[in-house]
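First the structure, in the form of structure tokens, and then the observations on it.
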Amino acid sequence: MADRAFDARTNLRSLRLRAVMTQEELAAKAGLGIRTVRDIESGRVRPQPKTLRLLTEALGLGAADRGRLSDELRRTDPVPRELPMALAAFAGRGPQMDALFAAVDEGAAVVAIHGMAGVGKTSLAVRAAHALAPRFPDGQVFVDLHGFTHPAGPRRGIESVLTRVLRSLHGADRPLPSDLDELTSRYRSAVADRRVLLVFDNAAGAEQLGALLPGVPGSLVLATSRHDLSPLAGAYTMALEPPAMRDAVAMLSAAVADRITDEEAVAIAERCGSLPLAMGLAAARLRSRPQWRVEDLLIRLAGHGLLDEFGMGHQGVAGALRGSYVELDPAHRRLFRRLGLAPGDDVDVHAAAALCEADAERTAAMLEALVDVHLVETRAPGRYRLHDLVRQFAAGLAAAEETEADRDGVLRRLFDWYLDAADTACTSRYPGYARLLGGAGTAAVPGLDDPARAGRWLAEERENLVAVARFAGEAGFGSVAWRLADTLRGHAFMDMGAADFLALGQAALHGARAEASPAGEATAALFMSTAYVKDRDFEAVIRHSERAVELSQRLGWDFGRASAHHNLALASWNLGRLRAALEHGEAALAMNREGGRARAVSVNLGALGVVHGDMGRPRVELRLLEEALELAEEVDDVRLQASHLRSLTSVWIRLGSVATAERCLNRLMMIEADAGAREISASSAVYIAELHSARGRHLDALEHADLVVRQAALRGDRLAKASGLVSVAVALNGLKRSEEAVDAAARALEVVDGGLPGTRIRALVERAVASIALDRPDAAEADAGLILELAREGGYRAAEAAALDIMSEVRLRAGDAAAAREHRSEVEAICTEMDAPVPARFKAASV
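Pasting the structure below:
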């Protein structure tokens, strides 16, 4: 749950940019001073109601956008309040609390509590965090790092934790980088601006915590672990032991008020080894049985033989858990021990119902009963989990009390439930993706036929779905892993991080190979190729796509083969192999046309159009993109329409029709606004920058290009960052700021690092143009020669014309008019062939 705190940053800037207006133009149209607009956008002032009205009128906003502007001018970053409820019966631990507070008072930025399982580390940390919370007004974040989760469950990676914390601090709608270094920098910057209390529970050790420590003082980290955390530099570390008998008695007396004498509390504490987890479970059992005497509880805690059988490492815990377990009826026992078999971190009611073979209503009641006796935890409404030690105990019970066949049957029912629910959700949310199986989901969870509800369910279950696939791939349920991959490919591409995407694909591939399943390997290969498209490892895309083509052809799975050819086209285009991109794109298009798959045809046409454009065929590009847009409108896919409108904006600019390009861009802005976008996306801003440059509005172009670079850096998107830097260089060249243009182009070249030939060519063009302006003909000619080599090797006909144009200018300025005319003639011939305008980058455009 989050409170809200004022943050003056506003959405005015994004609405202004969407309207393609400068600050000066907006100020003039609204009858306001330029400084007023600038101060509102920077967050220095709040607008008065009259100012707000003038701005909305000047921008021509509809009702929805007026509300969005009004809300955003008062937009707030979340102030997270995530601390779990402190134990009402918390008692004892006075010396530890005093020492912890003294350390914080003396300036400790990290307090690390370590000790054995069940010793009360989390309870102490949460209690201290609640007491310290007023000192940290910018929020309190609680993250379970799952450092000692069961082997089949997911241990949180650093990327996952950083993403989790940043979303708590900034909200879920801000783009985040995928690169770990970028993510870490973003995290430390966010924390540096706040006074935040960060509770990292259940850490694997000091190494896991290292990347989570803030870079500057001001915030506080409270961490717990079963491992010694003293290696953390500068941390105040506390080794927590089981409480002294006096504190143990106080804990039990607080938990079971008026039911227990000090002597009886001593007896229970001794039987539980003074371990707070065990004592808490024992007290919960006593509270839930008002007719019991303490003597009855002690008898039930007397058996210790179960401990060694389960390898729990402490008699008191096993005794307390067993005492709670034996008091359950058979149905509750069955549900409890089967919860220990679930691979994920938690379950919802429907997944639990699959485990225990009961209906959802009955299962919900049983889960709540298990929560009441402290065998099950609930940290979010409708979701249930087991403490790590309790999970081990439950899994041990399942191994001891159920046959292997029964356990396999339980897992198969659970896996079938996940497959069915995921099938229904993905059929609803991502209907246009190639799947070998699926489409027959029976709505295992009510409401998953609604795309929005399906999206929320997939987000909630993401970690569990990955954990199920990993477990299934390793534990002899290989078909589950690859069928999940087959089902989830659309979701993974659109909404899953690259790390989880690849982990799911590896599990699918392992499971398919373990079962020697050609169908499984075909779906896994296609899944992996798509994962590497998202990860931007295009050589890996080609390896897996070629395998997917081969296997899909054997199976007669034309949709899968078409999708693999499309991935090959994307990879080839990004690697500068335009002829191969054209070949694979045409193969995909032909198969999808024959199969009547309108959305897939639209996707293929869009990709092919861009390839033709790079090959110097803008009129072909235009025709293909217009057909692609028409099909996207027919299937009502607004994301696809937006993609095609971006490409159409670019091709119309290159054909010299800036007005038509602007109409395409305006349609794009309306689509993004209708989708609830609060800011201009980097993918759209790059085309706005291109349009401004074409209109000679280079300052506005620079503003949008900078936005592209910033957003790409936050996401860790190398391709988008390089593209944005090229747009920066274009704008700077237009402003005659040539040294800065050289620097921006050089940074783009550094980002692409010898790859991404199309972007590399564009960066070289801008650097050469700037070098000419700086009277560095040798540098310009060297870059032009490299452009020409790359263009002719890859088939970039328009880039070839640009290189020759640069060479013509260099020769002209050197006084070699004949050579200049020869190069210029080549440029004109290429442009005539392309049916495109002749470049006019230089004042002396004719020779």
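With the first letter of the sequence shown counted as 1, position 477 gets the number 487 in our numbering; the numbers rise by one all the way through. Built from N, CA and C at the ideal position, the CB exists for glycine as well. Note that this is a predicted model, so its numbers are computed, not measured.
Mind checking residue i: buried by the 16 CB within 10 Å criterion, or exposed?
i           : result
residue 104 : exposed
residue 703 : buried
residue 28  : buried
residue 95  : exposed
residue 717 : buried
residue 462 : exposed
residue 187 : buried
residue 557 : buried
residue 309 : exposed
residue 51  : buried
residue 83  : Residue confidence is low: residue 83 scores 46 on pLDDT, short of 50, so the model does not pin down where it sits. No coordinate-derived value is stated.
residue 324 : Annotation note: pLDDT 44 at residue 324 (below 50); position unreliable, coordinate value reported separately. Buried is the call here.
residue 849 : buried
residue 793 : buried
residue 715 : buried
Return helix, strand or coil for residue i, following the three-state DSSP convention.
i           : result
residue 324 : Residue placement at residue 324 cannot be trusted, given a pLDDT of 44 that sits under 50; what the coordinates show is reported in the next sentence. Of the three classes helix, strand and coil, the one that applies to residue 324 here is coil, per DSSP.
residue 154 : strand
residue 90  : strand
residue 16  : Here residue 16 scores only 28 on pLDDT, less than 50, and its place in the model is too uncertain to base an answer on.
residue 554 : helix
residue 120 : strand
residue 445 : coil
residue 848 : coil
residue 858 : Given that the chain is displayed from residue 11 to residue 857, the structure contains no residue 858 and the question cannot be resolved.
residue 336 : helix
residue 302 : coil
residue 530 : helix
residue 674 : helix
residue 456 : coil
residue 198 : helix
residue 84  : Below a pLDDT of 50, predicted positions are generally treated as unreliable, and residue 84, at 46, falls in that range; the measurement from the model is reported next regardless. Correct three-state label for residue 84: coil.
residue 542 : helix
residue 101 : coil
residue 70  : coil
residue 471 : coil
Which residue comes first and which comes last in the beta strand (DSSP E) that contains residue i?
i           : result
residue 208 : 207-213
What is the residue span of the alpha helix (DSSP H) that residue i lies within?
i           : result
residue 708 : 708-725
residue 7   : There is no way to answer for residue 7, as the model of the chain reaches only from 11 to 857.
residue 390 : Taken as a continuous stretch (DSSP letters only), residue 390 belongs to no alpha helix (DSSP H), being part of the beta strand (DSSP E) at 387-390.
residue 813 : 807-823
residue 700 : 692-704
residue 288 : 286-297
residue 104 : 104-115
residue 147 : Note, residue 147: premise wrong, no alpha helix (DSSP H); not H, not E.
residue 489 : 488-505
residue 612 : 608-624
residue 657 : 648-664
residue 133 : 131-142
residue 515 : 508-524
residue 635 : 628-644
residue 787 : 787-804
residue 187 : That residue, residue 187, is in no alpha helix (DSSP H); it is neither H nor E in DSSP.
residue 685 : From DSSP, residue 685 is part of no alpha helix (DSSP H); its letter is neither H nor E.
Length-filtered (3 minimum) beta strand (DSSP E) runs lying within the segment 392-426: 393-395
The segment 376-388 in contact with the segment 332-341 per 3-pair CB rule at 8 Å: yes
Alpha helix (DSSP H) runs contained entirely in the segment 201-279, provided each spans 4 or more residues: 216-220 and 255-265
Whole beta strand (DSSP E) elements within the segment 559-605, 3-residue minimum: Scanning the segment 559-605 for uninterrupted beta strand (DSSP E) segments of 3 residues or longer gives nothing; none is fully contained.
4-residue-minimum alpha helix (DSSP H) runs that sit fully inside the segment 734-769, ordered along the chain: 748-762
Stretch pair the segment 300-308 + the segment 381-396: three plus CB contacts closer than 8 Å: Touching, no, given that fewer than three Cβ pairs across the two stretches are closer than 8 Å.
The segment 259-275 touching the segment 223-238, judged by at least three CB pairs closer than 8 Å: no
The segment 465-472 in contact with the segment 636-645 per 3-pair CB rule at 8 Å: no
Inside the segment 346-391 only - alpha helix (DSSP H) runs reaching at least 4 residues: 359-366 and 370-382
Cβ contact check for the segment 279-297 and the segment 251-259: 3 or more pairs under 8 Å: yes
Given 8 Å, three or more beta-carbon pairs between the segment 411-418 and the segment 430-439: No, the segment 411-418 is not in contact with the segment 430-439.
At least three beta-carbon pairs within less than 8 Å, the segment 801-813 to the segment 781-789: no
Sufficient close CB pairs (3 or more, under 8 Å) joining the segment 836-846 to the segment 803-818: At 8 Å Cβ cutoff, the stretches touch.
Contact the segment 543-553 vs the segment 523-534: 3+ CB pairs below 8 Å: no
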